[in-house]
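Protein chains in written order, with the numbering used here: chain F, -5 to 383; chain C, 59 to 344; chain A, 87 to 302. Ideal Cβ placement from N, Cα and C applies to all residues, glycine included. Computed from a predicted model, the values in this text were never measured in an experiment.
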Amino acid sequence: MRLFISIFMIYLGFQLLSANAVEDFSVIDKPNDNGGAIVVSWKEMVAETEKNFFYQIMIAEQEDGPFYPLEKMAYPLKGKGFEVKGYNKEGEESTLVVPNKTYFVKMKVLNGDKSETTVSESEIISVTTKGNFFAFNKLNSFLILIFLTVVIMCFIVYAQRNPHKLFVRRIAGLDAMEDALGRATEMGRSALFVHGLRSVSEIPTIAAINILGKIAKKIAEFDATLRVSNWDPIVQQVSQETVKEAHIEAGRPDTYKSENIFFAAGDQFSYAAAVEGIMVREKPATIFYFGYFYAESLLLSETGAHTGAIQIAGSDAFTQIPFFITTCDYTLIGEELYAASAYLSREPKLLGGLKGQDVGKMAIILILILGTLFTTLGWQGFSKLFWPS
Amino acid sequence: MGMQMKFDLKKLFNLDRRIIYLLIFLSILIPFLVEFDLPIKANKDVKNIFNKIEDVAKNKGHQGSILLSFDFDNASKAELEPMARSLLAHAFKNNLRVIAMGHWPNGVELAKSILNDLAREFKKEYGEDWVYLGYRPGVSILIINMGKDFKSAFQTDAFGKNTKELAATKNIKTINDIDYVISLSAGSGGIEDWVVYGRSKYHFELGGACTAVMAADFYPFLQSGQLNGLIGGLAGAAQYETLLGRPAEAVSGMRPQSIAHIVLIFFILFGNFCYLIDRFYLSKRS
Amino acid sequence: MNFLKKTLPLILAFVSGWLAITLEYIPHQNSEATMASLTKGLIIIGAITAFMGIYGLFSLHYLKIKRRSEGWGYSTLVIAGFMIMTAFGIYNNGAFMFQPQVEAGGISWIYEYIFNPCQATMFSILAFFIASAAYRTFRAKSLEAGILLVAAIIVMFGKVPIAGLVSEHIPEVAQWLLDYPNMAVKRAIFFGVALGGISTALRIIFGIERSYLGGE
C-alpha cells in the first residue's frame, strides 16, 4: 500500500511538474531598438492549478551565472513579449541591459506558497543585444512622410511652372490685415504683434514669425509703428532680425527700432499682465495674435477688445480658438495660420505647398472612409496598416 | 411705447460689464459661505485612474510605485492642487511608493509643500516611501532619458541626495519600472509631452490630470488608449475626492462652480432674449 | 555677409531638418546619442539667449525711464523687482550663491506672498472675462450658432454636479457632446494642423519659405 502511495505521489509530482514546465521559451534581442532591451516569451499557461505559481526570469552575464532574478510575476500573465531593460545585482545598484553584449536568460516557475521552491526551470538561452539601423515598426509613418514630401514638392514645382493656374480660397482675416494696418497708420497709433507661448523650434511660432515678416514690411511701407511682444528671448532675437530685414527690404532701414521688439516676461501670466498693460496704456489701433496660446488667450484678447482695437488672431491651439473667435474681429483657425505666409506673399512656390497639403488631406479622407468601411464590414487589416506599432 | 421699450432693451443689451463681474463675484462668494450638498458622480475616466492605483496597490503592495509629475504652478493651483492631494493621499493610504517630479520650474515650491503636507499626515518617511526629484530642464529629452536610464536623468533628488541610495528609487532602472505615471498638467511641458515622448516610446501606463479648459485637448488620447484616465478640472478633482471618500477643497468648490455656471447660462440666455426681441422690433419696423 | 545671413542659415536648416527626420527612424544607440546632443545644444542656446532677453528687457525699460515715456514708473518697478530678486538669490539667506538655494529667506517670501497671489489673481480674472465675453458674443444669429448655443449650455450645465439634481442624463449628454461631435472637430483641425505643419517644415527645410530670415 505504502509503495502504491509513493508511486502515486511520484506520478502526481511528475504531472504537476510537466503541467508547469516552461514551454516554447524564447529570448531575442528586441527588434527596432537601440540594443538596450531583450524580449522574453513563453507559452502562456492556462491550467487552473497554476494560480498558485509565480514566474521569474533570471538573467546572467556569463553562462554559468550568477543569475540575477527579475521581479516575480503572478498568474495569470501574458507569456509573450516581456521586455527586460535591466536587472539588480545583489548588493549593487541596478544595471541596465547594454548594446553589443551577450546575456544568458532562463525562467523559473516557483511555488506560490511561502516556500517558493522551484517547480520547474527552462533551458538557458543566450542572446546578444545590438542596436538597429532602421525602425521597421515605423515603416508606415516613414512611407507616409515620403508620400507627403513627394506630393508637396511636386506641387511646388508645378506651381512654379504654372503660376496662374492656382486658386486659393479667400481667408477673410488675412484680407483684412492691410486695412487694419492702414487704420493704425491713419489713427497715428501703433500696431501690436503678440507672439504665442512656444519656442522658436515649434511650427506655430515659425509660422507666426513668417507672418510677422509680411506685417513688418507693410508697416515699414506705411511708415507706422509696430510693437512686438515676446515670451521667449530666442523668438525675440529672430523677430528683431525679421523686422529689421523687412524694413531694409521696404527701403526704410532708418525707421527700424530694435526696442520695439521686446521681451515682455518669461512667465505665462506675467507675460499676459505685461502685454495687457501695454494695450491699456498705449491703446494700439490693431492687435495681432499669432502662434500657440494657452489660458492667457482670453485675458489678452478680451482686454484688447475693451480698448477698441481691431484684432486678428491665428492659432492652432484647439482649446483657445473659441476664445479668439468670441473676442477678435478675425480668427485664422488651425492650418490657416500656416497658410497665411503663402497667402500674403502670393508667391507661386509657397502656394504650391498649400495645394500639396490639400492632396495630402484628400488622401487622409480617403483612408478614413475606407478604414471605416472595412472595419465596419469586419476586416481590420486595412486600418492596421496605419496603426502605430 | 415701442421705441421706449427698444431703447431700454438696447441699454440692457449693452449691459455694463462691471455688473456681470459683480454677479459672477457674488455667485462664487455666496456658495462658499452657504453650505449645501450636491450629488457628485465620478465619470469613467476618473474611475480609471482610481482603479489603476488600486490595482497597483493590490498587485505590488509597498513595492509598487507611482510617479507624479507636477507640471503646473500657482496660477492653476486652485484646480490642480486638490487633484495632487487626492492622488497622493490615495497612494500613501495604499502604502505605495511615490516618486514626484515636475517640468515647471515655478511649481517646485508648491510641489514640495503639498508633498510635505501629505507625507506628514500619513506619517511617510522620505526616501523610503516617497522621493521628490524636483525640476530638470529639457522636458522631451528628460522624458526620453528617463525611459533609457532613469539614474542618468536624475542622479540626485531635489535635495541633492543620490537616487541610487534612496530606497524608493534604488531599483528604478528605467521609467518602465514605475507602475503608473500621472502628469498633473496646466500647459506646455505636461500631458502632451508625456504622451509623445514617454508613453509612445516606452509604453508605460499613463494617466492625466489637467485644468478644465485643457481637458478637451486630451480626449483623443483617451480614445486611443495613450492615456488610461483623465481628471479634468475642479469637477474631476471633486469626483476623485468622492471616490476616495475624502471630500475636501474640490468638493466644496463644486458649489460656487455650479452656481457660477448657472449665472453664466442665465447671462447667455438673457443676452439672446434681448437680441431676439431687438430683432423682432427691427423686423416689425421695417 | 550675404553668405552668413542667407546661405549659411539655409544650409543649416536643410542639414539639421533632414538629420532630425532621419534620426527619428534610426533607433541605433549612436543615432540616439546624436539626437540627445542636438537637443542639449538647443537647451544651451536657450540658456545663452536668456541673457539677451534680460538685456532686451533692461534696455527697453531703461529707455522708457530715460525718456520719461508714459508709464515709466512701471519700468522702475520692473528693474527694482529684478534687482531685489537677484540680490536675495545671491544672498541666499546667508549661505550665498555657491550653495544650493535654501528654502527660506527673501526669495521664498517673495515667491509665496507676492508672486503666488499675483499669478493666482491673473488666472482668476479668466472667470470674469469668460462671463463678459460669452454675454457679449454668444448670440443665436443663425441656425448653426443656435445649435452651438444649445450644445454649449448643455455642456456648461452638465459638467457641474448640480445638473445631477435635475436629471442624471444631462451629464451623460454633455459627455456625449464632448466625446463625439467635439472630438470629430478636434480631429479635423488636428489633421489640417499636422499637414500644415509638415508642409511648413518642408518649405523651411528646402529653403522655399524664407520669411523667418526676413526676406521673401
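Name, please, each residue of chain A whose Cβ falls closer than 7 Å to the Cβ of serine 335/F.
To locate residue 335/F, count along the first sequence from 1; it is residue 341. Chain-order list of chain A residues neighbouring serine 335/F: Glu295, Ser297, by C-beta distance under 7 Å.
Within-8 Å CB hit, glutamine 284/C to chain A:
Locating residue 284/C in the second sequence gives position 226, where the first residue counts as 1. So, not an interface residue.
So, are the CB atoms of aspartate 237/C and lysine 151/C less than 8 Å apart?
What you label residue 237/C is simply residue 179 of the second sequence in a count that begins at 1. What you label residue 151/C is simply residue 93 of the second sequence in a count that begins at 1. For aspartate 237/C and lysine 151/C, no; Cβs fall outside 8 Å.
Out of Leu146/C, Arg304/C, Gly205/C, state which residue places its alpha-carbon closest to the alpha-carbon of isoleucine 240/C.
As a working mapping, residue 240/C is identified with position 182 in the second sequence. Looking only at Leu146/C, Arg304/C, Gly205/C, the smallest Cα-Cα distance to isoleucine 240/C is reached by Leu146/C.
Taking three-plus beta-carbon pairs below 8 Å as touching, is the stretch 303 to 313 of chain F in contact with the stretch 162 to 182 of chain F?
Touching, per the Cβ criterion.
Determine the closest residue to lysine 110/C out of Ser344/C, Lys342/C, Phe262/C, with distance taken between C-alpha atoms.
Start at 1 with the first residue of the second sequence, and residue 110/C comes out as number 52. Checked all of Ser344/C, Lys342/C, Phe262/C; the closest Cα to lysine 110/C is Phe262/C.
Which of the three DSSP states, helix, strand or coil, is assigned to threonine 214/C?
Along the second sequence, read from residue 1 onward, the residue named residue 214/C stands at position 156. Residue state, collapsed to three classes: strand.
Ordered list of alpha helix (DSSP H) runs contained in the stretch 206 to 258 of chain F, each at least 4 residues
Runs found: 227 to 243.
Going along chain F in order, which residues have a C-beta closer than 8 Å to the C-beta of threonine 232/C?
As a working mapping, residue 232/C is identified with position 174 in the second sequence. Within 8 Å Cβ-Cβ: Lys79, Gly80, Leu90.
With a threshold of 7 Å on Cβ separation, who are the neighbours of aspartate 226/F within its own chain once the five nearest residues in sequence on each side are excluded?
Counting from one through the first sequence, the residue named residue 226/F turns up at place 232. Closer than 7 Å at Cβ, skipping near neighbours: Ser193, Val194.
In whole angstroms, give me the CA-to-CA distance for leucine 160/F and alanine 334/F.
Walking along the first sequence from the start, residue 160/F turns up at place 166. Walking along the first sequence from the start, residue 334/F turns up at place 340. Each residue's Cα considered, the two are about 16 Å apart.
Pull up the distance between the alpha-carbon of valine 271/A and that of glutamate 329/F, whole angstroms please.
Your numbering for residue 271/A matches position 185 in the third sequence. Your numbering for residue 329/F matches position 335 in the first sequence. In a straight line, the C-alpha of valine 271/A is about 13 Å away from that of glutamate 329/F.
Distance, threonine 320/F Cα to aspartate 336/C Cα
Indexing the second sequence from 1 puts residue 336/C at position 278. Indexing the first sequence from 1 puts residue 320/F at position 326. Going from the Cα of aspartate 336/C to the Cα of threonine 320/F covers about 21 Å.
Would you decide whether isoleucine 197/F is buried or exposed? Buried here means 16 or more other CB atoms lie within 10 Å of its CB.
Position 203 of the first sequence, counted from the first residue, corresponds to residue 197/F. With 16 or more other CB atoms across the displayed protein chains lying within 10 angstroms of its CB, isoleucine 197/F is buried.
Closest by CA to asparagine 254/F, which one among Gly260/F, Asn224/F, Ile242/F?
In the first sequence, residue 254/F corresponds to position 260, counting from 1. Nearest of Gly260/F, Asn224/F, Ile242/F to asparagine 254/F, Cα basis: Asn224/F.
Does valine 279/A get closer than 8 Å to chain C when you measure Cβ to Cβ?
One-based indexing of the third sequence puts residue 279/A at position 193. It does not; no Cβ of chain C falls within 8 Å.
For tyrosine 197/A, return the contacting residues in chain C, with the cut-off set at a CB-CB distance below 7 Å.
Position 111 of the third sequence, counted from the first residue, corresponds to residue 197/A. Neighbours of tyrosine 197/A on chain C, chain order: Glu167.
Counting only the same chain and skipping the five closest in sequence on each side, list residues whose C-beta sits under 8 Å from that of phenylalanine 90/C.
Along the second sequence, one-based indexing puts residue 90/C at 32. So the qualifying residues of the chain are Ser310, Arg313, Pro314.
Could you check which residue in Ser243/C, Ala211/C, Leu176/C, Leu80/C has the C-alpha nearest to that of alanine 136/C?
Within the second sequence, numbered from 1, the residue matching residue 136/C stands at position 78. With respect to the C-alpha of alanine 136/C, the residue from Ser243/C, Ala211/C, Leu176/C, Leu80/C having the closest C-alpha is Ser243/C.
Give a yes or no on whether the minimum CB-CB distance between leucine 364/F and chain A is below 8 Å.
In the first sequence, residue 364/F corresponds to position 370, counting from 1. Under the Cβ distance rule, leucine 364/F does not count among the residues neighbouring chain A, no pair being separated by less than 8 Å.
Label glutamate 239/F either buried or exposed according to how many other C-beta atoms from any shown protein chain fall within 10 Å of its C-beta, with 16 as the threshold for buried.
As a position in the first sequence, residue 239/F is number 245, starting the count at 1. Within 10 angstroms of the beta-carbon of glutamate 239/F lie 16 or more other beta-carbons, which makes it buried.
With a threshold of 8 Å on Cβ separation, who are the neighbours of isoleucine 240/A within its own chain once the five nearest residues in sequence on each side are excluded?
The residue given as residue 240/A occupies position 154 in the third sequence. Only Ile256, Val259, Ala260, Leu263 meet the Cβ criterion.
If you follow the alpha helix (DSSP H) that glycine 282/A is part of, which residue opens it and which one closes it?
In the third sequence, residue 282/A corresponds to position 196, counting from 1. For glycine 282/A, the uninterrupted alpha helix (DSSP H) segment begins and ends at 267 to 291.
Selection of the stretch 205 to 229 of chain A by Cβ proximity to chain B, strictly under 7 Å
Judged by its chain identifiers, the structure shown contains no chain B, and its protein chains are F, C and A.
Between proline 160/C and threonine 172/A, what straight-line distance do the alpha-carbon atoms span, to the nearest angstrom?
Against the second sequence, residue 160/C aligns to sequence position 102. Against the third sequence, residue 172/A aligns to sequence position 86. As written in the sequence, residue 160/C is glycine, which differs from the proline given in the question. Cα to Cα, the separation comes out at about 23 Å.
Output needed for histidine 148/C: all residues of its chain with C-beta closer than 6 Å, excluding positions within five of it in sequence on either side, in chain order.
As a first step, residue 148/C must be located in the second sequence, where it is residue number 90. Residues Ile111, Leu302 of the same chain have their beta carbon placed closer than 6 Å to that of histidine 148/C, with the five preceding and five following residues left out of the count.
Indicate whether threonine 112/F and lysine 100/F have their beta-carbon atoms separated by less than 8 Å.
Locating residue 112/F in the first sequence gives position 118, counting from the first residue. Locating residue 100/F in the first sequence gives position 106, counting from the first residue. The Cβ-Cβ distance between threonine 112/F and lysine 100/F does not fall below 8 Å.
Should valine 101/A be labelled buried (16 or more other beta-carbon atoms within 10 Å of its own) or exposed?
Translated into positions along the third sequence, residue 101/A becomes position 15. Burial call: exposed.
For aspartate 352/F, does the three-state DSSP call read helix, strand or coil?
Your numbering for residue 352/F matches position 358 in the first sequence. Collapsing the DSSP output to three states places aspartate 352/F in a helix.
Hey, is aspartate 275/C's beta-carbon within less than 8 Å of any beta-carbon in chain F?
Residue 275/C sits at position 217 when you count from the first residue of the second sequence. So, interface residue.
Can you give me the Cβ contacts of lysine 219/C inside the same chain, cut-off strictly under 8 Å, excluding the 5 residues immediately before and after it?
Here residue 219/C is taken as the residue at index 161 of the second sequence, counted from 1. Only Gly185 meet the Cβ criterion.
Applying the criterion that 16 or more other CB atoms from any shown protein chain within 10 Å of the CB defines a buried residue, is glycine 397/F buried or exposed?
Residue 397/F lies beyond the range of chain F shown here (-5 to 383); nothing can be said about it.
Which chain C residues sit within Cβ distance under 7 Å of valine 246/A?
Within the third sequence, residue 246/A is the residue found at index 160, counting from 1. Result: Ala293, Met312, Gln315, Ser316, His319.
Look at the Cβ atom of aspartate 103/C, then the Cβ atom of glycine 248/C, and state whether they are nearer than 8 Å.
As a position in the second sequence, residue 103/C is number 45, starting the count at 1. As a position in the second sequence, residue 248/C is number 190, starting the count at 1. No; because the gap between Cβ atoms is not below 8 Å, this pair is not in contact.
Anticipated Cβ contact below 8 Å, arginine 143/C with tryptophan 188/C, distance rounded:
Mapped onto the second sequence, residue 143/C falls at position 85. Mapped onto the second sequence, residue 188/C falls at position 130. That belief does not hold up - the Cβ atoms of arginine 143/C and tryptophan 188/C are roughly 14 Å apart, past 8 Å.
Proximity below 8 Å, CB of alanine 273/C to CB of leucine 292/C
In the second sequence, residue 273/C corresponds to position 215, counting from 1. In the second sequence, residue 292/C corresponds to position 234, counting from 1. In this structure, leucine 292/C does not lie closer than 8 Å to alanine 273/C by Cβ.
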